[in-house]
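J.: Got a structure for you, written out below as structure tokens; questions coming shortly.
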Amino acid sequence: MSFQRILAYTVRHLYLYKRSMPRLMEVFYWPVLDLLVWGFVTLYLSRQSGAVPQFVTFFLGALILWDILFRSQQGISVSFLEDIWSRNLLNIFVSPMSAVEYVLSLLFLSIIKLLLTSTVMVTLAWFLYHFNIFTIGFALVPLILNLVVMGWAVGIVTTALILRFGQEAEVLAWGVALLFQPVSAVFYPVAVLPWFLRAVANYVPAAHVFEGMRMVIEGQAFPARELAWATGLNVFYIIFSVLFFYWNFKVVKRKGLLAKVGE
Amino acid sequence: MKSIVEVRGLTKVFNKYKKAVDGISFDMYEGEILGLIGPNGAGKTTTLQMLLGLTTPTGGEIKIFGLDINKDREEILRQVNFSSSYISLPYSLTVEENLTVFSRLYGVKNYKDRITELLRTFEIEDIRRLPTRRLSSGQITRVCLCKALLNSPRVLFLDEPTASLDPDIADKTRHLLKKIRGEQGLAILYTSHNMKEMEEMCDRVIFMDKGRIIAMGDPDSIMREWKGRNLEEVFLKIARPGER
Ligand SMILES: Nc1ncnc2c1ncn2[C@@H]1O[C@H](COP(=O)(O)OP(=O)(O)OP(=O)(O)O)[C@@H](O)[C@H]1O
Ligand SMILES: [Mg+2]
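As you go down the protein sequences, you meet chains A and B in turn. According to the numbering used here, numbering within the first sequence proceeds without interruption in unit steps and concludes at 263. According to the numbering used here, numbering within the second sequence proceeds without interruption in unit steps and concludes at 1244.
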């Protein structure tokens, strides 16, 4: 394992953002628009009679945290796509860089990307809606960590599928996180879900994270139980995702598809 | 001469029945240019990819510097490199940025000087700060060749490196490869469908067809053996066995 190589490859992607407007937009544009539109909708709804107390806080907190999961997943899968599009994958895999180092550099990159995005969102939410996410307090740290790790697990699995199935799987890079949104109980409590989706939500780390977030905002105790569930599930999923990637990488090498990815 | 690549009984079967490479054995020696020739689908690219660890062989053995690609991947790949007409480099990065990234991946010391030296050798110093997307395909090919030489490899694998070059640049590239081979003693494994190029470049050639080695040796003795005036004639005799 070489930290120098991991860093070198993270830098390759940062060079990209230095010069490419559309890619910078991807980091700032969508999150900011989301925050504007949904923030004002929330503000409006919260002024109606009979609104849920702390509706704004719930909603804006959820919006920002959801984006962390989303970015964490995309940071991995979309960066991988960049290498496919530029026909650069072979250059990497004939270099001394190992597949593990490659994945680690993508994880590292996803952290940088989501730090950028969340800083913008948090600042903007404060200015526009006087929403201070840090009122969630210390619990914010484990909540966010769990979302990041879940994003990684989903991102690594997506990457493995793109490696294996090529272009047909590319669409996953953009949409796969949304697939988890309904059962992640981002904007509503798990309790509103029908029983079968509730059963699914039990096994989705993000659902526990968002339940935990609402408990904290409501002023309940530190959501230890929810966090324990989320962490346990995440440990399992991240190990699974790495093994899944590793296994697919082997299959792809056996099938001789590494040179053909993206064609 | 010292053998630095040893291939024994190398086989690749795709999807259980398609024998892309069928038990080939050969050696590569220090400082030689070895050409891999054969009709489309002969198994040249598959062979190259197995040598680089990109495709897992079904059977046989590969030793590079006496090491096994599966066990000592990093150690081997540090000292070899690869280029081809079907790969490229990230489009948004400048030539210099791309070469910097790969210098770091290969742990090249004083890489700024090395990059300047290579760009000068390939006469593309002027495009150093251009984004790769703005380059012509011939320029990209040359930048990829620079990338392939960054780590001063001992073995260079080239899959149709001159395929997108105009005759002038192709000729210059051939001269450069020969020059670098002479100066640094690196061995080059080379595929091309340009038979004149192979005649001019290669110390030895391997003729493959349907995954097997049909002929191997220096171009002159192969031409004598197959009674052809040039490699092109030999190629046609091998590719069209019915007319032999
Ligand atoms: N990943 C793969 N899966 C299945 N079959 C493959 C795969 N890669 C190559 N083949 C088959 O193996 C054979 C050898 O292909 P290869 O690409 O090695 O030929 P080549 O000598 O490089 O040909 P060309 O001159 O056209 O580049 C062909 O019949 C090809 O269809
Ligand atoms: Mg080929």
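Ideal placement from N, C-alpha and C gives every residue a C-beta, glycine not left out. Being a predicted model, the structure only gives us computed values, none of them experimental.
Are the beta-carbon atoms belonging to A:Leu143 and A:Met213 less than 8 Å from one another?
T.: Closer than 8 Å, so yes.
J.: Name the residue from B:Ser1092, B:Gln1139 and B:Lys1178 whose alpha carbon lies nearest to the alpha carbon of A:Pro22.
T.: It is B:Ser1092 whose Cα lies nearest to the Cα of A:Pro22.
J.: Would the C-beta of B:Thr1045 count as close to ligand 2, meaning under 7 Å from any of its heavy atoms?
T.: Yes, the Cβ of B:Thr1045 comes within 7 Å of a heavy atom of ligand 2.
J.: Can you give the Cα-Cα distance for A:Pro31 and B:Leu1048, rounded to whole angstroms?
T.: One C-alpha to the other measures close to 45 Å.
J.: Just the C-alpha distance for B:Arg1120 and B:Lys1178, rounded to the nearest angstrom, thanks.
T.: Whole-angstrom Cα-Cα distance: 16 Å.
J.: A:Leu172 and A:Ile162 - do their beta-carbons sit closer together than 8 Å?
T.: Taking 8 Å as the Cβ cut-off, A:Ile162 and A:Leu172 qualify as a contacting pair.
J.: Taking 7 Å as the cut-off, is the C-beta of B:Gly1041 nearer than that to any heavy atom in ligand 1?
T.: For ligand 1, at least one heavy atom lies less than 7 Å from the Cβ of B:Gly1041.
J.: Which residue comes first and which comes last in the alpha helix (DSSP H) that contains A:Val94?
T.: Where A:Val94 is concerned, there is no enclosing alpha helix (DSSP H), given that its DSSP letter is neither H nor E.
J.: Taking a Cβ distance cut-off of 9 Å, strictly less, list which residues of the region 1057-1078 of chain B are near chain A, in chain order.
T.: Flagged, chain order: Thr1058, Arg1073, Glu1074, Glu1075, Ile1076, Leu1077 and Arg1078.
J.: Check whether the region 61-79 of chain A and the region 1056-1075 of chain B touch, using three or more Cβ-Cβ pairs below 8 Å as the test.
T.: These segments do not touch.
J.: Beta-carbon separation of B:Phe1026 and B:Ile1213 under 8 Å?
T.: In contact: B:Phe1026 and B:Ile1213 (Cβ atoms closer than 8 Å).
J.: Does the CB of B:Lys1112 have a neighbour CB from chain E at under 8 Å?
T.: Given the protein chain composition of this structure (A and B), no chain E is represented.
J.: Shorter than 8 Å from the beta carbon of A:Ser118 to some beta carbon of chain B?
T.: So, not an interface residue.
J.: Look at the alpha carbon of B:Ser1085 and the alpha carbon of A:Leu14, and state the distance between them as a whole number of angstroms.
T.: Approximately 26 Å, taken between the alpha carbons.
J.: To which residues does DSSP link B:Gly1035 through a beta bridge?
T.: Paired residue(s): B:Tyr1190 and B:Val1205.
J.: Kindly indicate which residue of A:Tyr129, A:Ser105 and A:Phe187 has the alpha-carbon position closest to the one of A:Thr10.
T.: The shortest C-alpha separation from A:Thr10 is found at A:Ser105.
J.: Any heavy atom of ligand 1 within a distance shorter than 7 Å of the CB on B:Asn1015?
T.: Because some heavy atom of ligand 1 lies under 7 Å away, the Cβ of B:Asn1015 counts as near it: yes.
J.: Give a yes or no on whether the C-beta atoms belonging to A:Val242 and A:Leu147 are separated by under 8 Å.
T.: No, Cβ-Cβ distance for A:Val242 and A:Leu147 is not below 8 Å.
J.: Is it buried or exposed, A:Tyr237, if we count other Cβ atoms within 10 angstroms and call 16 or more buried?
T.: Counting Cβ neighbours within 10 Å, A:Tyr237 comes out buried, since at least 16 surround it.
J.: How would you label A:Leu178, buried or exposed, when you count the other beta carbons within 10 angstroms and need 16 or more for buried?
T.: Exposed is the call here.
J.: For B:Gly1217, is the beta carbon positioned less than 7 Å from some heavy atom of ligand 4?
T.: In the structure shown, ligand 4 is absent; the only ligands present are ligand 1 and ligand 2.
J.: Please find out if some non-hydrogen atom of ligand 2 comes closer than 7 Å to the beta-carbon of B:Asp1159.
T.: It does: the Cβ of B:Asp1159 is within 7 Å (strictly closer) of some heavy atom of ligand 2.
J.: How many whole angstroms separate the CB atoms of A:Leu109 and B:Leu1054, which I take to be in contact at a CB cut-off of 8 Å?
T.: Not quite, the Cβ-Cβ distance comes to about 24 Å (not below 8 Å), so this is no contact.
J.: Any beta carbon from chain B within less than 8 Å of A:Tyr9's own beta carbon?
T.: Yes, A:Tyr9 lies at the interface with chain B (some Cβ there is under 8 Å from its Cβ).
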